[in-house]
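The numbering used here applies: residue 250 is where the sequence shown begins, and numbers increase by one.
For glycine and all other residues, C-beta sits at the position ideal for the given N, C-alpha and C.
Just so we're clear, the structure is a prediction, and the values are computed from it rather than from any experiment.
Structure first, commentary second.
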Amino acid sequence: MLTTTASPARPETVLDHDIACPIGWCDETGPHPTHRQYLYTVPGAVREDGHLGVNLVQRDRPGEPIRVELTSTTARSDDLALKLNTTRATDIAQALTAAVTKAARLHSATSGQEPPVG
């Protein structure tokens with residue numbers, strides 16, 4: 250879809266919001282200040298009505314690093330986006346894995362049952 254915008258500096262600028270990004274890995278279209286590739290969505294991960302997203306992001310500036318972005322969206326609260334460098338993202342992944350393992354052990358110890366799957 251083409252839209253025409255007018256401004257004093259550029260009386261008639263045409264923007265194509267459906268044009269693909271020239272950065273090969275970017276999923277965004279049209280003009281955008283941040284390149285983004287959507288990797289994973291975990292529905293129901295936040296308050297059962299929202300979702301948690303995992304993306305790759307990079308500002309549209311020369312030399313900017315590619316970061317890992319965690320997004321949280323619910324119907325009842327503001328969206329949240331955390332942009333992490335790869336070292337911090339690795340640390341968080343390890344911390345989440347350790348927490349899941351510990352939760353499963355505690356569940357087994359306190360209930361005498363196998364931990365729930367999923």
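For residue i, three-class secondary structure by DSSP
{"i": "Arg-337", "result": "helix"}
{"i": "Val-295", "result": "coil"}
{"i": "Ser-357", "result": "helix"}
{"i": "Thr-350", "result": "helix"}
{"i": "Ala-342", "result": "helix"}
{"i": "Arg-325", "result": "coil"}
Cβ-based burial, residue i [other Cβ within 10 Å; buried from 16]
{"i": "Arg-285", "result": "buried"}
In DSSP terms, what residue i is bridged to
{"i": "Leu-331", "result": "Leu-319"}
{"i": "Leu-305", "result": "Gln-286 and Val-317"}
{"i": "His-266", "result": "DSSP, once it has assigned bridges, lists no residue as partnering His-266."}
Legend entry - Cβ contact (3+ pairs, closer than 8 angstroms) linking the stretch 296-315 and the stretch 268-288: yes
Inset, instruction - Please confirm if the stretch 317-325 is in contact with the stretch 296-303, defined as three or more CB-CB distances below 8 angstroms between the two stretches. - result: yes
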